[in-house]
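With our numbering, letter number 148 in the sequence shown gets 860, and the count goes up by one each step, no holes. Just below is one structure, and these are the notes that go with it.
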Amino acid sequence: MFFWFFPAQNGNKPDTPVMLWLQGGPGAPSLFGLFNEHGPIQVNDDGSLAERPITWNSLYNLLYIDNPVGTGYSFTSNDDGYARSEDDVARDLYSALTQFFQIYTDYASNPFYVTGESYGGKYVPSIGYKIHVENQDPQVKVKINLVGLSMGNGWTDPYRQYVYGPLLYQIGLIDDNQLFYINLQSDLVRYAISQKRFSDAFTISDSLIDGDLINTTSYFTNVTGLRAYYNYLQTDVSSSISNYVKFITNIDRRRQIHVGNLTFHEDNKVELMLINDVFQSIPSEQLTILFNNYKILIYNGLLDIICAESLTLNWIADLQWSHSNEYKNTSRYIWKVDSTDDQIAGYIKIVYNFILASIRNAGHLVPGDQPRAMLDLLKRFIQLTFVK
713 MFFWFFPAQN GNKPDTPVML WLQGGPGAPS LFGLFNEHGP IQVNDDGSLA
763 ERPITWNSLY NLLYIDNPVG TGYSFTSNDD GYARSEDDVA RDLYSALTQF
813 FQIYTDYASN PFYVTGESYG GKYVPSIGYK IHVENQDPQV KVKINLVGLS
863 MGNGWTDPYR QYVYGPLLYQ IGLIDDNQLF YINLQSDLVR YAISQKRFSD
913 AFTISDSLID GDLINTTSYF TNVTGLRAYY NYLQTDVSSS ISNYVKFITN
963 IDRRRQIHVG NLTFHEDNKV ELMLINDVFQ SIPSEQLTIL FNNYKILIYN
1013 GLLDIICAES LTLNWIADLQ WSHSNEYKNT SRYIWKVDST DDQIAGYIKI
1063 VYNFILASIR NAGHLVPGDQ PRAMLDLLKR FIQLTFVK
């Protein structure tokens, strides 16, 4: 699997975290996050490079892995190498991580955090649980020092998250008749999930919202006019988010990052191979173990549609863990990056080792939309110190 590692700019101390970043999709390269959200460099419209003014790399060791196999520069020579389930994804990623720490032994004992967004809401807990299980085995030679997990605008529990009708209606994007249709189709999606007809759920949803694999636009796009569902204030995503692709597929760059003539994949083949996985929820038993044993950060940009905060809250509310009752009785509070700021960054709820954050003026891609607030949130999560 292809990876790109950036040692922390402030030096590697024993307590400097190693952060793994996992993009969503499924099938989106993690290099997207590197160049568009929080890596130390970005690609301008003219193809030139610039230092990112606010980068996670200023404080943390960053590890970007194109995940799963078949994504970006992580290649396989035949279809059998593609993942069909989260177990497959976690198996391959765990193998890559153990090899990484065997090579970069200076970082093996550092605190390790798994971070990601969107479909990373499945990747993050899947690899987190895999690491947890493997670390219990006395025969395992490489013990990964897992400390925490972070998921932004994550797709984790499709059954509980698939409630788009009320959301779209309340923000004024659909009318009563459209609400009725979306609610009806959403019920069909959830029914298919309940019957374990996961590919049927995918097909219905693809026509209704996503439009990934169909040959026409989705119902959502037809009635709202929006060509993307990452920020309801924007009609489409900026073309600049693809600047990095031309940069990393350049002949000279290929030589520098040791990928030769490999094809750079950001197509839908990974999604096709995972078609029976997309609408399966992460088992609640796995989430409970992670919540009970590790630091957890879940954050949402409040302008997102596809993985909106209200949808995330649905599955968190139903999760049973050691502090679930405390969670239900804890109020959130206003959060500013600096107490002297005029602007409110968002809202925070803290329960034991779990932090739930809502970020204002941000959509699906929070680190790119609000880099200052996101880095502050990350620092506080690592330190687990929030001051009201």
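Glycine is no exception: its CB is placed at the ideal position from the N, C-alpha and C atoms. Keep in mind the model is a prediction, meaning the values are calculated, not measured.
Closest by CA to residue i, which one among the options?
| i | options | result |
| --- | --- | --- |
| ILE856 | GLN811, TYR772 and TYR831 | GLN811 |
| ASP1016 | ASP1053, GLN968 and ASP1081 | ASP1081 |
| LEU1077 | LEU809, TYR794 and TYR831 | TYR831 |
| GLY866 | THR728, THR827 and ASN1065 | THR827 |
| PHE991 | LEU774, SER911, TYR1006 and PHE932 | SER911 |
| LYS1061 | LEU1096, GLY1075 and ARG1084 | LEU1096 |
| ASN1073 | ALA1057, TYR903 and LEU809 | ALA1057 |
| GLU798 | VAL836, ASP778 and TYR931 | VAL836 |
| LEU986 | ASN1005, ARG796, LYS1048 and LEU891 | ARG796 |
| TRP1033 | TYR1064, ILE894 and VAL730 | TYR1064 |
| ARG902 | LYS981, PRO870, ARG1084 and LEU1025 | PRO870 |
| LEU1068 | THR1052, TRP1047 and GLY759 | TRP1047 |
| MET713 | ASN724, ALA808 and TYR794 | ALA808 |
| ASN756 | PHE959, ASP849 and LEU1025 | PHE959 |
| SER838 | LEU1025, SER1070 and ASP989 | ASP989 |
| TYR785 | SER1043, PHE914, THR961 and ASN724 | THR961 |
| GLY884 | ASP1050, TYR944, THR788 and TYR1011 | TYR944 |
| GLY1075 | ILE926, TYR942 and SER1051 | TYR942 |
| PHE813 | ASP1088, SER950, SER1043 and VAL854 | VAL854 |
Just the C-alpha distance for residue i and residue j, rounded to the nearest angstrom, thanks.
| i | j | result |
| --- | --- | --- |
| MET863 | THR1000 | 15 Å |
| TYR825 | ASN889 | 45 Å |
| PHE1093 | LEU1009 | 7 Å |
| LEU1101 | PHE1003 | No answer is possible for residue 1101: it lies beyond the span of the chain, which begins at 713 and ends at 1100. |
| ILE1018 | ASN773 | 30 Å |
| ASP800 | GLU997 | 18 Å |
| ASN748 | HIS970 | 22 Å |
| PHE1014 | LEU1023 | The question names Phe, but residue 1014 in the sequence shown is Leu. Whole-angstrom Cα-Cα distance: 11 Å. |
| TYR1054 | GLN873 | Strictly speaking, residue 1054 in this sequence is Asp, with Tyr absent from that position. Answer to the nearest angstrom: the Cα atoms are 33 Å apart. |
| GLU983 | HIS844 | 26 Å |
| THR783 | ASP924 | 16 Å |
| ALA904 | THR933 | 23 Å |
| GLU1021 | ILE994 | 18 Å |
| TYR881 | PHE892 | 10 Å |
| GLU846 | LEU920 | 39 Å |
| GLN946 | ILE886 | 16 Å |
| LYS1040 | MET1086 | 25 Å |
| TYR1045 | TYR1059 | 5 Å |
| ASN724 | PRO823 | 11 Å |
| ARG967 | LEU861 | 33 Å |
| SER1070 | GLN848 | 34 Å |
| ALA762 | ASN1026 | 40 Å |
| LEU771 | PHE717 | 14 Å |
| GLU829 | LEU732 | 12 Å |
| ILE963 | PHE1066 | 45 Å |
| ALA1029 | SER1036 | 8 Å |
| LYS1007 | THR728 | 16 Å |
| TYR776 | PHE715 | 5 Å |
So, is residue i buried or exposed, given that buried needs 16 or more other C-beta atoms within 10 angstroms?
| i | result |
| --- | --- |
| PRO726 | exposed |
| TYR819 | buried |
| ILE815 | exposed |
| THR868 | buried |
| PRO765 | exposed |
| LYS1100 | Confidence at LYS1100 is low in this model, with a pLDDT of 42, below 50, so the placement of that residue should be treated as unreliable; the coordinate-derived value is given next. LYS1100 is exposed by the Cβ-count criterion. |
| ASN722 | exposed |
| GLU1038 | exposed |
| THR767 | buried |
| ASN790 | exposed |
| ALA1102 | Residue 1102 is absent from the structure shown; the chain starts at 713 and stops at 1100. |
| GLY972 | exposed |
| LEU1090 | buried |
| GLN735 | buried |
| ASP758 | exposed |
| GLU850 | Per the sequence shown, the amino acid found at residue 850 is Pro instead of Glu. Exposed, since its Cβ has fewer than 16 Cβ neighbours within 10 Å. |
| LYS908 | exposed |
| VAL852 | exposed |
| SER917 | buried |
Just list the residues that DSSP pairs residue i with in beta bridges.
| i | result |
| --- | --- |
| GLN754 | ALA762 |
| MET731 | LEU774 and TYR825 |
| ASN1012 | SER1070 |
| ILE1046 | TYR1059 |
| LYS981 | Partner(s): none; LYS981 has no beta bridge. |
| LEU861 | VAL826 and ILE1008 |
| PHE1102 | The structure shown does not extend to residue 1102, since the chain is modelled only from 713 through 1100, so no value can be given for it. |
| GLY784 | HIS977 |
Is the stretch 796 to 815 in contact with the stretch 752 to 762, if contact means three or more CB pairs nearer than 8 Å?
-> No, they do not touch.
Touching by the beta-carbon criterion (3+ pairs, under 8 Å), the stretch 730 to 743 and the stretch 934 to 952 = Taking a cut-off of 8 Å for Cβ pairs, the stretch 730 to 743 and the stretch 934 to 952 do not touch, as fewer than three such pairs fall below it.
At least 3 beta-carbon pairs within less than 8 Å: the stretch 969 to 977 vs the stretch 889 to 907 | With a cut-off of 8 Å, the stretch 889 to 907 and the stretch 969 to 977 do not count as touching, because too few Cβ pairs lie within range.
Are three or more beta carbon pairs between the stretch 877 to 885 and the stretch 953 to 971 nearer than 8 Å?
-> Judged by pairs of C-beta atoms under 8 Å, the stretch 877 to 885 does not touch the stretch 953 to 971, as fewer than three such pairs exist.
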